[in-house]
Every structure is written in structure tokens, then in C-alpha cells.
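Just so it is clear: in the sequence shown, position 700 is 1278 by the numbering used here, and no numbers are missing.
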Amino acid sequence: MPRKITVAVAQASTQSSLATTLDALHRVTRHAAARGVHLILFPEAYLGGYPRTCDFGTAVGFRQPHGRDQFLEYFNSAVDLGDTPAGAGDDWVDRKLPLPRGKDYRGDGTRETLERIARETGVFIACGVIERAGGSLYCSAVYVDPRDGMLGKRRKVMPTASERLIWAQGSPSTLKAITTELNGVKLTIGAAICWESFMPMLRQSLYAQGVNIYLAPTADSRDTWLPLVRTIAGEGRTFVLTANQCVRRRELPGWITGTSSQEAVENGDEYISRGGSCIIGPLGEVLREPIWEVCTDDAESPDDLNDPTLGAAVSISEIDLDDCERGKLDLDVTGHYSRNDAFKLSVEGLDLNPPPLQSRPCSNCVQAHAACVASQKPPRESRVNPEYARALEERILELEAERESTGRNTRATVEPYEMSSSANVSGTASIVDRTQPQLQRDTPAENSPIAVNPLHAESIQAQSTPSLTILTPPTQPSPTGLSVGAVEYDETGISTVTQDKLIRIFLERVNPRYPFLHEETFTSWYGAWQSAKRSSQPLPAEEKWKEFFVKMAFAVSLLIAPQVSPEDMRTSQALYSLAMPLLGNVFSCLDPVLHVQAYLLCTLHALHSPSSQTVLTMISAAMRCCVIAQLHLNLPTSNARDEPALLDLQKRRRVFWSAYAIDRLLSWIYHVPCSLVDENIQVEPFANLNDDEIKAWASRSERPDETESTPRITQVSSALHLLRGRRIQSRILSIMMRTDYEYRFAAHHNWRLHMLEALDQWKVQLQPHSDPASEGYTSEGWVGMLYNYTILILYRPIKENLCEFVSERCIKACSNILHTFWLYLKRRQTAQLWPGLLSQFGTGIILLYCLWATPPTERPTSFQSSEITKAIRTCTVILAVLSERWTQAEILRDVFDLLADSVPVQGIPGCVEGNGLSAQARQTIKSRLPMLHVIIVNKDILRMLTEMVTEDYPWTGYRDVPNVYRWSSEDKHDANGCTLCWEGRPMVGELDSLPQEDLVSMGLWPSLYDDTGGLYTSPSGGYPSFPGLLGSM
């Protein structure tokens, strides 16, 4: 059977920043994946850049200051892969190196990004990078497998000529070849970077390891390079892939050419590297001729994966690995044609024996005694979507593991489950060990304040956080029948080791987003609880409240993993029930901040329960406690260096703004008023400081300006950036919920353009103020989703505003949200929250509503894009996956499926049947509307849903509707006529010069009188109910 795979070389050039280069790499890899490519090679120094023509201000015995500035620029543009200067080898590959404080990865996140791209596309990526480690730079190459992630990395052992000035020498041990399996074919892959291929013994070290794919990323575009790689292929009887950059002089960075370089201007189109990427067969035959003077980035449309220029710069060939063995009939330079008895080669730190194939078979293949080829792509003629097939395969493996886990849990005694990392809780096996089967799991009494709603008691997967009825009286007895003083400290059923890991998970996953628990303080509470447990003595009565926080942290940590087993959910619910009797101890404390923190923990737990009412009740209670504690006020502080007072100040601010962020999240999910309007909030955001920095923090008046203004990454910078986004959303929602919104704001585009500018500025601040390399909630993907969610709030579609501009923006935002969410869901990088499910359902409804309300004759060409169909299919899959966790979500899944089948997606004029949805679809969805109202709550989503079900297509006379808002992408923000711009200006001078009617028309405040002095009436005939006097604007 032929052992064939498809390989490619990309003639790409480094972009202006690491982020844009990674985007370009992703685009090229997607292009290759669409053409069946299994492995792709990018050029030497593609990430980080090759500094052609730069002398770094040096000559023998002489160095100029500007050269040091150039090196600083180059050093800062390099990639931090998280390795050590000496190279940690397998420890780095296997992620065994210690993690930085507050992060779940090492380096700048480039490794994780490459792994994500390989995983999404199903393509093995080999890429040249300039790696920063310690104070040195290394020219490296990385191997990224689509299934197993980073398999290895090697550093160039001999930089060439002037490269030796800027690149350190790598260890020869990194010449180690790697093994993998692609398309069912076993591969041994090695790399020699650029002129390392001129080193005969280095080439021999790769041949000796049995490489059948020899990668040669290079910066050599001379005509002599082709004869060399042909020689290598024939000599080693191996396929050779070589990739080079294609660069014009004008494309060099400004720190090399100088901003006003005459040569760069006059000779900008001169090629300083012509490329020459090609593919060579194992007999030295040229399979794909060198590519000259064309680059992947020359494509006219970067987003068009079918651009002919992009195709010309990516050379693709199908190769048969059996050709390597055929070639060894007459030449094997490591075997019968080597005279190993006479000639010896050894390399320091390198085993020259062929490496074994590292495979990770799935249990299906183990049981069938068959070879595991999970990464095999469907045949070329197959019409199955590769991403769908891969996701389906992952789901089968999950169900299989879940079945095995269920079988194991039926035994009386079970081996404890141990996690491999404190920052990794994925996997279908339960996080906790089951050494304590007597764990309290009894259902609370029916009349208990924490009784489970009967609606949620039908399924283990549907268990929810019970309602606290706002406040549990401090004297409330334990509903489980346990006496507070007689509680045993092993009733959690969790081993001490696992408890430590759960606490660390909470601090590493919750605090970066909602830092309402100061790490050192919370750790001390946990330590006190552990000490009492070890001594078999209960905590003192005045410290009993600490146990509540510890057990709630356990309960939340069990649920914040992207993948949670039913056993984890049961254990979390049992821990919640054990913690509830202790809530009275919390409220018996005089510190009101503790009350807020307790409710925030309850809110986090409620976010994972299928009860919208419970979630909203919890956060409302938390915000009310904030008001009682006056956390929203800017209380006077001392200017002295009083460290305890400053620490307390920052704790209070962190608690309040964490509650604020969750409150605003739920406000836009459910489209309900905020618990506390922005105009009533005086307190400043918390400082961008790590926990250990707060103690040494001086008062605001004495703090240097640069400490506050210089962007930097801290434990809370992610939370601060998220908070800015929530404040923008809050601003928009406060306007849209005004009683005079419909007749004073709804039709006006100017204030929306104002908020759009603020939103764009916030998005730009991602890189300097948060961690863009993270794959968590501060990654570009997550920020992009929040950005697009805000677009949907700002331009929430109604029949009157669905002009081409609004519909295009909404559909694009919906598509981006759904695709991004699905990618994170597949990669297990998002916790499965109930509001997250509602947000995806709402996004899908908005997408369908835009299609439903727009007549086929009015649809722009963008409506015919396949991305719309793909987005609808993606939403269907998301709802199907999440409904497996909550039975209450099945109604959302089924309703969306009905609508998706009924709404005309690719509406061709004259081909749409009927005047609306089918009678059967209408009847089915109408019967479920009462339950949908309870679950969804969001009045806008319910409005769109109801209109689609009860009304015909609103197409008749569409062009003649007089009140359609004709907004356009050409509209510009007019600051002089903008309500929000005037609101921030001083009330003296500028405003005094304006007549009262101008102020009223701008909507600075609602007027009770019209132009004639009579009482103002709304268009509906009613009187305004004093809008704006107690609300926000």
C-alpha cells in the first residue's frame, strides 16, 4: 500500500509584528489545509525576522550606539517560547518546566498559538523562528503536530558569517529528529537550518537517524542552493523541503533602513531575497521547481484563500515515502554504503540511532488491536468536512472515556484521581478522588432555603445552584441535618493533594478575570482550615466563616474546567450544600466586604446552573451588599504610607469591580437593567498591581506617574481590560433602557458612532494592557468576541433599522462570534457557563432574524457567502454539545434547529416558498414560548423569536416603509451634535451659548416641555415618566 502524504513549502515573508506574522501563517496554513496538505514548511527566521542588510553598527574592533538600538529592536521582536538559555530539551517539550506566577504557560504564547493553528487546520507545521532565551537570540526551527502539539525544537548550531554577532550557537543535542504519523504514514523528520546543510557531518547526523523528510529552511536565495539540496536528497535518499523568504527592500523594517533612507525609497522594489523555495525527491529529482519573486503576502485579498498569488507562493506536492526505501537499493550512506566499521561519527548529547515512533493510540484502537491513525485525514474525494470529522472523533473519545469512568465509579473503592497539572483540569475523568463514598449528597429538605428546584432535579446534569432567597438568616439550621460544631473535616471526600490543586486552579483561573479574593489573604484562610482539619479540631467560632470560602472555592473549581464529568458536577453540588449552612457564619461577621465575596462565590457557582433566575438573584444580592458596604463610593483615604489601609483599599476596589463586571455581563446577556447605575459609582478602578506589590504601594499622591501610565502585564491587567469593555457595554445598555429611548435615541446614529469609537479604542488597547498571547479570556479571540457582542448590542436589529449597513454588521459579528466560540469549545478553553449557552443561542437568533427580515431582492452579495451557512451550522453544533450538559438546554437546541430549517438562508428572488415559517414550525415553537420566556429572559431575543413565529416575512412594500433608518458606513461621528460628547464637557461657556431647544434635541437631558411650552407627550400619546432623573444616560 503506498505511503503517501501531501507536503508544501510556503514562500512567506515576516510581517511588521509577531501578531500579524502569526495571522499570515494561519492564513497560509488554512490555504494549504483546504488543498489536502498534511505538512507545511515556513522559511528560516519567519517568526522574528531575518535582518537582511543590517550590520548593527559594527566593524572589527568598533561598535556604534545606533547598532545597539537596532539590536534592541530585533531582540524585542524575537519570540519567547518559554525555553531556558541552555535548552531544556524534552522537559520543555513535555511542559515540565515551572510556570511563571499567575500564568498557565511559559513564554509569550507563540507556542500555544502555533499548536492551536496546527490543531484547527490538521496540518503539521515546521517553522523557522528567532527565539529569545535569557539575553541571547537563537535561530531555531519548531515542529508542531496537529494532534500532539509541539514535538521538538532545534537551535542552529553554527550561525553563518555576520549571524554569529547576533545569534548564539545552539546545542548539537537539538539535532534530534522527531517522529510522527500523518495520514497513516510514519515519518522521521529532521531539520538543518540554512548553511548547516553545507556541514557534511551535520547532514550525516540526520541521515543516521533515518530521516525521510529533511527540512531545510533557509535565507540563501542564490542559484547555488538548488544543487546543494538536490545533492542532499540524493545523498540521504530523503525528501528535501526548502523554504525561503521573498523580500523587497521597501519591506525591510524601519529600524534597519532608517525612516528616511534614500536607498529604501529609490530602490524599494529591488528584491534582496528572491526566494527559491522548492521540493526535491529522494533521487535528487526536482518535484517542484524553485519559486522566484513571489510571496504569499503579495495576494491582493488577504482573506481570499483562493487568491492565485497565494497559490503561486505555496508549492504543493504529493510524495510517496516508499520512494526513500526504493532509493536505498544502491545507496544507503548510514548502512551498506557507509563502512561503519571504518568510519565513526559521534555528536555530543545526541543519540544517532533512529528514534522510535511515539504514538498515543485511542482506546478503541487498543481494544481492536488495530493501528491508531486518529490524525488521518479523509480521502481527497471525501465530501466530509475535516473539521467536523475531527470534532466528531473527539466527541466519540469523550463518550468512550465517560463510559469507562462510569463503570469504574460503580466499584466500592476507587484509586484516587491525580491531576497532571494544577492548571489543567480537562478530561472526562472526575477531578476529585472517590476515596470517601460517604460524601454528603442527600437532597436538601423540600422547605429548605437551599432546596433544589424540582425543574432541575430530573437529571444529574441539570442540577443547579439552589436559590438563597437573597439572604439566609444567620441562625438558619443546617438543612442537611449536620450540626455546625460537629462537622468532620473529611466530609468533602477530597484528598489533601487534590484540595491544594483545586485552590490553585481557583486562583489561576478565576482571579485573573475576577480578582475579588486577595491571593495571600485567601491562602491564609485555607491554611487555617487545613490546620484545624489536621488537628481534628473545629475552627474557632469566630473563624468558622473561612470554611465557607474554602468549600465554595472547591465547588467552583470543579466546574470551571472546560470539560466536566457528571461526577464532578455531583461533587460540586454536594460541596455547595455543605457550604450553605456556613453562610450564616459569614453574615455574622461585621465586615460587609466578606458578605459581597460570599455572594460572588455563589454567583460563580450559579453561572454553571441552568437557572436564569438564580443567576440574576445572586448577582443582585452581591451588588446590594456592595452598596451596603459603600464599596461604590470614593471614600476619603490618608496620604500617608499606611500599608494596611492601602491594601484594604485595593481589596475593596477589586471586590466591587469584580461584582460590577459580572453584573454587566448578565445585564447584556439577559438585557435587564444593571443593579447599580454608573452615575452612582464614584470609586476608581483598582490599581494595575500584583498582589505582592500592593503592600509596598505608596499613596496615590506619591505614586510616580510612570507606574500608573506605563502599560504592563500584571495579575489583574486582564481583569482591568475586561472591565473597560464592560463599562462600554454598560454605557450602551443604559441608553437603550431609558424610557425615552424609542423616540429620542432609537433612530439616531451619531451616539452609536461615538460608542463605536470608544469600542475601537478599547480593542486597540488589548496588546499594551493585557496578555494577547494568552489563549484564555484575554486572547485576541475572546476580546474579538466581546467586541462583536457589543456590536450586536449597539445595532440590535429591528425591522425599522435593518438597512444594508446594519444587517451586514450584525451578520458578520454573529459569524465571527459563533466560529470563535466553537474553536474555543473544541480546544477545551472555555468553561461551559449557562449564560454562555444563552449568548450563543441569542447570537444564532439574531443571525436568523436578519435573514428572515431582509427580502431576497434587498440582500447584498455578502448574504450569499458560504460563511453564513457555516455559521448557522456551527451554532447548531454548539447548542447540541452544550445541551448534553443541561437537559433544560434541549429546548433551545430544538427551537433553533426548527428555525434554521425554516428561515430562507440563501434566498433567491422568486424561489422562497410561502409568506413565512411553515405552519408546523410555527405551532411547535409557539407551544414552547412560555418556557422560552422563563429561560431566555432577554426581551430583544424573545421579540425577534416571536416575530419570526407569529408574523409573515416583512417584505411587502419594504422599499416604501417611511421609518426605515438609512444608516450607512459613510456616516461620520459629529462631535458637535453628539449627546455623549456634550455630556462630558463643562457646563459653563459652551453650553450657555446654545439655545435650550438645541440641548433638548441633542438629548442631554429629557425635557418635560415641547417648543411651545406645553407638556411634552411621547409619540404613543403618553407622558414621560421622568426619564433620566433616577436613571443613567
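C-beta atoms are modelled at their ideal positions from N, C-alpha and C, and glycine is treated no differently.
Could you check the C-alpha separation between residue i and residue j for me, to the nearest Å?
i       : j       : result
Asn654  : Glu1086 : 27 Å
Gly768  : Ile869  : 23 Å
Thr1099 : Leu1244 : 28 Å
Thr1076 : Val1294 : 26 Å
Ser1385 : Cys1428 : 6 Å
Arg1437 : Ile1450 : 17 Å
Gly1591 : Leu1520 : Because the pLDDT at Gly1591 is just 41, under 50, the model does not fix this residue reliably, and the point stays unresolved.
Val585  : Ser1440 : 33 Å
Ile771  : Leu819  : 11 Å
Glu848  : Ala1431 : 53 Å
Leu1137 : Asp1146 : 7 Å
Arg827  : Pro629  : 11 Å
Trp670  : Ile756  : 15 Å
Thr1465 : Met1158 : 25 Å
Ser1073 : Lys1122 : 21 Å
Ser1547 : Ile1310 : 20 Å
Ile1369 : Arg1322 : 20 Å
Considering only the beta carbon of each residue, do residue i and residue j sit closer than 9 Å?
i       : j       : result
Lys731  : Leu659  : yes
Gly748  : Arg733  : yes
Ala811  : Glu867  : no
Glu651  : Trp803  : no
Ala928  : Ser783  : Sequence check: residue 928 is Leu here, not Ala. Closer than 9 Å, so yes.
Gln589  : Val892  : yes
Ile1514 : Ser1198 : no
Leu1425 : Leu1460 : no
Leu1396 : Ile1306 : no
Gly1071 : Ala1152 : yes
Leu692  : Ile703  : yes
Asp1241 : Met1201 : yes
Ile897  : Gly846  : no
Under the DSSP definition of a beta bridge, which residues are partnered with residue i?
i       : result
Asp898  : Lys582
Thr1317 : Thr1317 is not bridged to any residue.
Ile869  : Ser855
Cys717  : Ile708
Thr699  : None; Thr699 has no bridge partner.
Ile756  : Ile767
Tyr849  : Arg826
Answer with buried or exposed for residue i, where buried requires no fewer than 16 other C-beta atoms within 10 angstroms of its C-beta.
i       : result
Ser595  : exposed
Ala610  : buried
Gly1063 : Here the model assigns Gly1063 a pLDDT of 35, short of 50, so the residue's position is not dependable and the matter cannot be decided.
Leu1168 : exposed
Glu1320 : exposed
Asn790  : buried
Phe921  : exposed
Tyr915  : exposed
Pro580  : exposed
Quick one: what's got a C-beta closer than 8 Å to residue i's C-beta in the same chain, skipping five residues either side?
i       : result
Ala1001 : Any reading at Ala1001 needs caution, since the residue's pLDDT is 34, under 50, leaving its predicted position unreliable; the model's value is listed next. So the qualifying residues of the chain are Leu677, Asp682, Arg1082, Ile1083, Glu1086 and Arg1087.
Phe1094 : Val1174, Gln1175, Leu1178, Arg1232, Val1233, Ser1236 and Ala1237
Leu883  : Arg605, Arg608, His609 and Ala612
Ser895  : Thr584, Val585, Ala586, Ile857, Leu865 and Arg866
Pro643  : Gly635
Within a Cβ cutoff of 6 Å, which residues of the same chain sit near residue i, ignoring the five residues on either side of it in sequence?
i       : result
Ala1176 : Val1164
Pro1251 : Met1315
Lys1377 : Ala1431 and Pro1532
Asn822  : Pro621, Thr796, Ser799, Gly853, Gly854 and Ser855
Asp1518 : His1249 and Arg1374
Tyr721  : Ala704, Leu729, Gly730 and Ile756
Quick one: does the C-beta of residue i sit closer than 8 Å to a heavy atom of the ligand GTP?
i      : result
Arg581 : As for the ligand GTP, it is missing from this structure, which has no ligand bound.
Ignore the nearest five residues each way along the sequence and tell me which others in residue i's own chain have a CB closer than 7 Å to its CB.
i       : result
Lys1124 : Trp1103, Ala1106, Trp1107 and Leu1117
Leu1185 : Val1193, Leu1411, Trp1412 and Pro1413
Ser1135 : Leu1080, Ile1083 and Phe1084
Trp745  : Leu715, Tyr716, Cys717, Lys734 and Pro737
Asp1624 : Absent from the structure is residue 1624, since the part of the chain shown begins at 579 and ends at 1611.
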